[in-house]
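Below: the structure, in C-alpha cells.
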C-alpha cells in the first residue's frame with residue numbers, strides 16, 4: 010500500500026513495493042498463480058515466503074501469513090469498543106479478511122461487503138481461503154459488487170460498524186479518500202457506531218496522515234488515530250477509528266480482554282487488551298503529526 | 010541488522026538488506042561517502058533519504074533520520090526504570106548514539122564505551138554528528154577500543170546500566186551472543202542494575218528470539234522482552250531488558266513521564282510514558298514466542 014513503483018520491480022523474481030521513491034521492500038515470487046487485468050486494476054496472486062500473496066496494481070494487499078496484522082487491527086479496536094455491533098458495512102475488502110474478523114462477533118447479524126471488483130472476490134475464493142475462512146459464503150454476509158461511493162450514497166441503512174478496507178488513493182479507490190465520502194459514511198453510521206480505516210505510514214507518508222485526519226475530522230466529532238505494524242506494508246502503519254460517541258480510549262486493557270472472553274472471541278494472532286491500549290500510545294513525533 | 014545478503018544489492022544504486030533469504034528492503038544510495046574495509050568489517054557511509062546512513066558488512070546500522078527509533082528504545086526503558094543510574098557501560102555502539110541517550114541523565118557520572126573497531130568511531134565523528142551529538146567527546150565518556158568480551162571479563166567495575174549495542178551475530182560480535190558473555194555481563198551489573206540489548210525481528214527471525222531469550226535467562230533472573238519498530242531494520246524489532254531486580258513493568262506510564270520530567274529529559278522523538286508501556290504489550294503470537 011504505497012506509491013506505485015516508477016520503475017516496476019527492481020530485479021527479476023522480486024516483487025517490489027516502494028514506500029517512497031527511494032525506499033521500499035521486496036519479497037521473492039516463488040511462482041505466479043495469477044497475473045491479469047480486471048476492468049479496474051492489475052490483479053496478481055503469487056506463492057511466496059508469506060504464503061499466497063495478493064497484489065493489486067503492483068501493491069501488496071494481503072498474504073496468508075501476515076494478514077492478521079492488518080485485518081485484526083482494522084476491525085477489533087472498533088468492534089470491541091462498540092457495546093454490541095449488529096450491522097456492519099465493509100467498503101472494499103473483497104478478499105474477505107475483514108468480514109472474517111467481524112463475523113467472529115456473535116452479536117453481528119449482517120455484514121454487507123461493497124466491493125467494486127468481482128475479480129478480487131473470485132481470486133480470494135480461489136486462493137485465499139485461509140484469509141476469509143469461509144466468510145465470503147457466510148449466510149450473514151451480503152455481497153454487493155459495485156462502486157462503494159454510490160452504494161453508501163444510495164443506502165438508507167444504519168450501520169454499527171463501517172470498515173473502509175481500501176487500496177491506497179490513486180487507483181479505483183481515489184474518491185473514497187474525500188470529505189464527501191466520509192460525510193456520506195457518517196450519515197450511515199448509527200448513533201452509537203464507528204468507522205475504521207487504514208491511513209498510511211507515519212514514517213514514509215506524514216503528509217498523507219495529516220491530510221487524511223483533516224478530512225476525517227470534517228465528518229466525525231471523534232477521530233482516534235492508532236498505530237500498528239503491517240509487515241507486508243513495510244512496517245509502522247496508522248489506522249483511525251471515527252465516531253460520534255465511541256472512543257477506543259474508553260476501554261481499559263482488562264475491559265477489552267473481558268469483552269473478548271464474553272463475546273467468545275479467541276484464536277486471535279495479534280489483538281488483545283494490552284495491544285488495544287498499545288495501539289493508542291503514540292511516539293512523540295507521531296503525537297506531533299496527528300495533533 | 011539481518012542476514013548477510015547472499016547476492017549483494019539487488020540493483021545498482023540500491024542498498025539492500027535481507028530479513029530472510031526471500032524478504033528484504035532497500036534504500037537508494039544517493040552517494041557513497043565512504044566504502045572501505047576496517048580490520049574487522051566492511052564500513053560504508055552513504056547519503057540517502059534517511060540522511061547519512063551507516064552500514065557494516067552490508068547491514069544497515071543507523072541513519073540520521075531514524076536513529077532515534079533504535080537508540081531511544083535501547084536505552085530509555087532501562088535507564089528510566091533504574092532509580093538513579095550513575096555508571097554505564099556500552100559494548101559496541103561506536104556511533105555514539107546510545108552514549109548520547111545515556112548522557113541525557115543528569116545522574117550519569119561515567120559512560121564507558123567498549124568498541125572493537127576504531128573505524129566505526131572515526132566514521133561517526135566525521136559523518137554522524139547528529140547521531141552522537143558530541144557524546145563521543147563528552148568528558149563523562151571513556152572510550153575503550155578493544156574486544157568487548159575481553160573488556161567485560163577483565164573489568165572489576167560495577168555498572169548500573171549495560172547496553173549491548175551490537176551488530177548481529179555472524180560478524181565480530183558473534184561471541185557476544187553467548188551464555189558465557191551474558192554471565193560475564195551479569196557479574197559486572199550492580200545489585201540494582203539492568204542490561205539491555207536488541208534481539209531480532211519477531212516476524213523474520215522467531216528462532217533467533219527463542220535462542221536469545223533462552224541464553225539470557227541462563228544469566229539473569231528477570232528477562233523482559235519488549236517490542237519496538239526500527240524502520241532501518243525492516244519493521245518490528247524485539248529488545249530485552251535483563252536484571253536481577255529491575256523490571257520495566259514496575260513503572261506506570263505516569264511514573265515514566267514523571268521521571269522524565271524530574272530528570273530533565275526532554276527532546277525525545279519517540280519515547281514517553283505511554284510508549285514505555287506500549288513496548289511491553291505483546292501481540293498474541295509474540296507472547297507465545299517469548300513464553
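Chains as they are written, first to last, in this note's numbering: chain A, 10 to 300; chain B, 10 to 300.
We put the beta carbon where it would ideally sit given N, CA and C, even for glycine.
These numbers come from a predicted model, not from an experiment.
Task: Closer than 8 Å to chain B by CB, residue 45/A - done: no
Task: Within the segment 46–82 of chain A, ranges of the beta strand (DSSP E) (whole runs, at least 3 residues) - done: 51–57, 60–65, 68–72
Task: Contact list for residue 36/A against chain B, beta-carbon separation under 9 Å - done: 31, 32, 33
TODO: Determine the direct distance from the alpha carbon of residue 227/A to that of residue 177/B, and round the result to whole angstroms.
DONE: 47 Å
Task: Cβ-based neighbour list, residue 34/B, same chain, cut-off 7 Å, excluding 5 preceding and 5 following - done: 26, 243
Open item on the list: Can you list, in chain order, the residues of its chain with a C-beta nearer than 6 Å to that of residue 55/A? Leave out the 5 residues immediately preceding and following it.
Closed with: 38, 41, 62
- [ ] Return helix, strand or coil for residue 207/A, following the three-state DSSP convention.
- [x] strand
- [ ] Please classify residue 110/B: is it buried, with 16 or more other beta-carbons within 10 angstroms of its beta-carbon, or exposed?
- [x] buried
Open item on the list: For residue 259/B, count the other beta carbons within 10 Å of its own beta carbon; 16 or more makes it buried, fewer makes it exposed. Which is it?
Closed with: exposed
Task: DSSP-derived helix/strand/coil call for residue 37/A - done: strand
- [ ] Kindly provide the ranges of any beta strand (DSSP E) runs that are 3 or more residues long and lie completely inside the segment 89–126 of chain B, ordered along the chain.
- [x] 96–101, 119–124
Task: Assigned secondary structure, residue 27/B (DSSP; H/G/I helix, E/B strand, else coil) - done: strand
Task: Own chain partners of residue 47/A with C-beta closer than 6 Å, once the 5 adjacent residues on each side are dropped - done: 126, 128
Task: residue 118/B burial status per 10 Å Cβ neighbour count (16 or more: buried) - done: exposed
Task: Rounded straight-line distance, which links the Cα of residue 281/B to that of residue 172/A - done: 31 Å
- [ ] List the endpoints of the continuous beta strand (DSSP E) containing residue 218/B.
- [x] Looking at the DSSP string, residue 218/B is not in any beta strand (DSSP E); the run it does join, the alpha helix (DSSP H), is 215–226.
Open item on the list: Could you check whether the Cβ of residue 264/B sits closer than 8 Å to any Cβ belonging to chain A?
Closed with: no
Open item on the list: Quick check on residue 283/B - is its C-beta less than 8 Å from some C-beta in chain A?
Closed with: yes
Task: Three-way DSSP call (helix, strand, coil) for residue 195/A in this model - done: helix
Task: Separation of residue 166/A from residue 247/B, as counted between CA atoms - done: 45 Å
- [ ] List the DSSP bridge partners of residue 128/B.
- [x] DSSP, once it has assigned bridges, lists no residue as partnering residue 128/B.
Task: First through last residue of the beta strand (DSSP E) which encompasses residue 238/A - done: 231–239
Open item on the list: Taking the alpha carbon of residue 273/A as the reference point, which residue from 93/A, 261/A, 130/A, 153/A has its own alpha carbon closest?
Closed with: 93/A
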